[in-house]
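Counting in my numbering, the sequence shown runs from 4 upward without gaps.
Ideal Cβ placement from N, Cα and C applies to all residues, glycine included.
First up is the structure itself, then whatever we jot down about it.
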Amino acid sequence: MTASPKPRHVVVVGAGIFGISSALHLARLGFDVTIVNDGAPASGASGRSLSWLNSARRADTAYHRLRLAGIDRYRTLAATRPETASWLRFDGGLTWDAGDEANQIASIWQLEQDVGYDALLLGPAEVGAVTPGVNASAISPQGAIFNPGEGWVDVPSLIDLLLREFHARGGKFVQDAGRVRTDAAGGRARGVVIADGSLVEADAVLLAVGPATPAMLADIGIRIPDATPISLLLKTRPVKTTLRAVLNTPRVAVRPTPDGALVLDSAWSEEEVIANADGTYTIRDETVQGLLDEASAVLEGNPRLDLDSYGVG
């Protein structure tokens, strides 16, 4: 049996955080790497992520430890790259449940204590002294958990930082490739064919295309199930608020942005997105306004929130 030769040239399809990060790590290891993407970086799921850095509500499992390792890497980045200070923050996370019989805040706090995950159980009136900008009256009587070690990252800013190093290491980026398909023969990838018909040759191909992965693999006869959920992220116009922590509340999740705006998401609003047969999506005005209203309700002073943009897919 002949061993496959070690690849020297790798094509990474996709310019989200998984694609860009993988490409940079390969370049650091000495591989020749080409990123191929249909459009600008972070134009897919990476551009519509809440990007909450946490391992809240997790038992001591391998997945919990993986999340902690990821947070540790982000802390290393923050400590070694001061230019990240505006878009990589560790100002904590605050979460509470609805004030009904299903409320699990006390048991979740105990779980986090048991696994050594830093957590404070606070009554509504105590929250303001620990983290600012939160409407205490919106917090259920059972209280809230503040996790001081949590944070958030602006993924497009992170991608920009990683891309600069990638280019400095000689990496190539084909940005407007259009629809891409993997060119394979004899059970091995030989590169990718971009929309104009040209071949970008490679010894190995890494697909980092999120929800497009099942379809791209199907092109070469590999079938995997597609359980991709629909995501919806709203960005507000800049708003006057002292909020610093990420909020994870029963009806909305909220985090600050580097430019003084907020980004919002929730499970219920994603369920209201209509997926059309042509691959587009319809978002009702009532869904958008409802999410803005829910976010305003959990902020101190209930500021008016206006929509700036949204991402869906």
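Alpha carbon of residue i to alpha carbon of residue j, nearest angstrom
| i | j | result |
| --- | --- | --- |
| LEU308 | ALA207 | 47 angstroms |
| VAL15 | VAL39 | 6 angstroms |
| PHE34 | HIS67 | 31 angstroms |
| THR37 | PRO259 | 33 angstroms |
| ARG226 | LEU209 | 16 angstroms |
| ALA218 | TRP271 | 27 angstroms |
| THR244 | ASP281 | 40 angstroms |
Any non-hydrogen atom of the ligand HEM closer than 7 angstroms to residue i Cβ
| i | result |
| --- | --- |
| ASN57 | Annotation note on the ligand HEM: not contained in the displayed structure, which lists no ligands. |
Extent of the continuous alpha helix (DSSP H) run through residue i
| i | result |
| --- | --- |
| ILE23 | 20–31 |
| ARG167 | 158–171 |
| THR83 | 65–83 |
Per-residue DSSP class, three states only, for residue i
| i | result |
| --- | --- |
| ILE142 | coil |
| ASP117 | helix |
| ALA101 | coil |
| ARG92 | strand |
| GLY47 | coil |
| VAL16 | strand |
Residue range of the unbroken beta strand (DSSP E) whose run includes residue i
| i | result |
| --- | --- |
| SER312 | 310–315 |
| LYS9 | Segment: none, LYS9 is in no beta strand (DSSP E) and carries neither H nor E. |
| ALA147 | 147–150 |
| VAL36 | 35–39 |
| VAL177 | 175–177 |
| LEU302 | Looking at the DSSP string, LEU302 is not in any beta strand (DSSP E), and its letter there is neither H nor E. |
| LEU123 | 123–125 |
Inter-residue CB distance, residue i and residue j (contact presumed, cutoff 8 angstroms)
| i | j | result |
| --- | --- | --- |
| GLU273 | PRO232 | 7 angstroms |
| VAL249 | VAL137 | With 8 angstroms as the limit, VAL249 and VAL137 do not qualify as a contact, their Cβ atoms being about 11 angstroms apart. |
| ILE162 | PRO44 | 5 angstroms |
| TRP55 | GLY96 | 7 angstroms |
| ARG70 | ARG78 | So it is not a contact: roughly 13 angstroms between Cβ atoms. |
ask   = For the stretch 244–298, which segments carrying the alpha helix (DSSP H) assignment without a break, of at least 4 residues, lie completely within its bounds, in sequence order?
value = Segments of the alpha helix (DSSP H) lying fully in the stretch 244–298: 270–274.
key: Ranges of the beta strand (DSSP E) found wholly within the stretch 180–254, counting only runs of at least 3   = The qualifying runs are 184–188, 191–196, 202–204, 207–210, 235–239, 249–251.
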